[in-house]
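To start, the structure under review is shown below, and the notes come after it.
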C-alpha cells in the first residue's frame, strides 16, 4: 500500500529525503506496516523486510542491514526504540542513543511472542499466549509495581486463566491491557487521569475500567491520555491530550464517547499529543498540530474534535 506521511520531520523521520516539517500528506512509498518514534520511523514491505528512516539513513527509508534476511510480521516504535516480531515468534529490539541505533538484539529467551507495545522507556509483551511480561522503567508502576524503579530483565506481570490478550498499549508511563473478554485493565502514572479513574496517583495493580464500557477490541495510548475502540465501532477516550480536551481535570476522569465520528470506526492510533481514527468518512485527526501532524496544511495549536 502507498504510505503517506506528514508532521514533524526535523530528523528525517518521514522518509521524504528532507528535514523540514510536512504540513500536508506526502507519499512515502509502498509499505505494509509503519510505526514512528520521536525522531525516526520504521516500516516493513510485503516481503517482511524492515526499513528505517532517520538522520542515520540520510532522511529516507533504508533496509536495516543487520536484519535484512528476517521476515517481520509486527513492528512497534517507542520514543527512542523499536521492537519487532519475526515469523518465528521471536522478538527483536533496538535502542537509539544520541541519534544512532544500536545493533538489533534477537531475544531468543522469549518464545511465541504474540504482541508487543513500547512506552517511553519500558516494553510490554504477551509471550506466550495469555502471559503478560515487561521490562524497563517501573518508576510509575507501569510494570505492575514490583518494588524497583528499573527492571533490566524480563518479568512476568500477569497471566490469564484462559485465552490470550486482545490488545496491549503503552503510553509515556502508563499501560493498557485488554483481556480476552474485551475488558480494559490499566496501570502506571495517573497524573492526568490517563488510567480512567480520579485517584491521580500511580497505580501498580492493574485495575479494570468501569464495566459500563462495551467489549473493547483495540487500545492506544499517548503521553497522558488513552483511547479505545469497542466491537461496535465506537471510540472512547480519557486522560488529557494536553490543551485539547476541556481544561477541568474532573471532566477527564472517566471514559467518554468521542464526538464528530461518522458511523463505525475501524481503527485508532495515538501520538504523543495527537490522535487519529478511521471512520466511514476516512481518516480523522485531532490534538496538537504545531508541526503539521494533523495534515491540515498549516501549523495549528490545537484541534479539539476529529477532522478529516
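Numbering (this note's numbering), first residue to last: 116 to 423. All C-beta atoms, glycine included, are put in the ideal place defined by N, C-alpha and C.
Pairing residue 279 with residue 246, the inter-Cα distance amounts to about 8 Å. Nearest to residue 355 by C-alpha distance, out of 349, 328, 401 and 346, is 401.
Taken through DSSP and simplified to helix, strand or coil, residue 182 comes out as helix. Contact between residue 160 and residue 146 holds: CB atoms are separated by about 6 Å, below the 8 Å threshold.
Annotation: residue 341 to residue 164 spans about 31 Å, alpha carbon to alpha carbon. In the three-state scheme derived from DSSP, where H, G and I count as helix and E and B as strand, residue 323 is classed as strand. Here the alpha carbons of residue 306 and residue 178 stand approximately 39 Å from one another. Under the DSSP definition of a beta bridge, residue 117 partners with 145. Counting along the chain, no beta strand (DSSP E) covers residue 261, and no H or E run does either. Assigned with DSSP and collapsed to three states, residue 171 falls in helix. Beyond the five residues adjoining it in sequence on each side, residue 125 comes within less than 6 Å, by CB distance, of 134 in the same chain, given in chain order.
The residues 127 and 132, in chain order, have a CB closer than 8 Å to that of residue 173 in the same chain once the five nearest residues on each side in sequence are set aside.
Here the alpha carbon of residue 324 sits roughly 18 Å from the alpha carbon of residue 274. Just measuring C-alpha positions, the residue of 243, 244 and 266 sitting nearest residue 254 is 266. With a 10 Å radius around the Cβ and a threshold of 16 neighbouring Cβ atoms, residue 388 comes out buried. The three-state secondary structure of residue 355, taken from DSSP, is coil. In the structure shown, residue 211 falls within a strand segment according to DSSP collapsed to helix, strand and coil. Secondary structure at residue 340: strand, using DSSP grouped into helix, strand and coil. Between residue 182 and residue 206 a beta carbon distance of about 12 Å is seen, past the 8 Å cut, so the two are scored as non-contacting. By the criterion of at least three beta-carbon pairs nearer than 8 Å, the region 280–289 is in contact with the region 326–340. The criterion of a C-beta distance shorter than 8 Å is satisfied by residue 331 and residue 344. By the neighbour-count criterion, in which a residue is buried when 16 or more other Cβ atoms sit within 10 angstroms of its Cβ, residue 294 is buried. When rounded, the separation of the alpha-carbon atoms in residue 378 and residue 223 is 44 Å. Taking C-beta atoms under 8 Å as the contact rule, residue 252 and residue 236 qualify, at a distance of about 4 Å. Taking the Cβ atoms as the reference, residue 201 lies roughly 7 Å from residue 188, within the contact range of under 8 Å.
Taking C-beta separations shorter than 7 Å and ignoring five residues to either side along the sequence, the partners of residue 199 in its chain run 165, 187, 189, 190 and 207, following chain order.
Only residues of its own chain outside the window of five on either side were considered, and among them 145, 146 and 147 have a CB closer than 8 Å to the CB of residue 116, listed in chain order. A direct Cα-Cα distance of roughly 27 Å separates residue 218 from residue 272.
Counting C-beta atoms within 10 angstroms of its own C-beta, residue 282 has 16 or more neighbours from the protein chains shown and is therefore classed as buried. Buried is the label assigned to residue 404, since at least 16 other Cβ atoms lie within 10 Å of its Cβ.
Here residue 320 is exposed: its Cβ has fewer than 16 other Cβ atoms, across all protein chains shown, within 10 Å.
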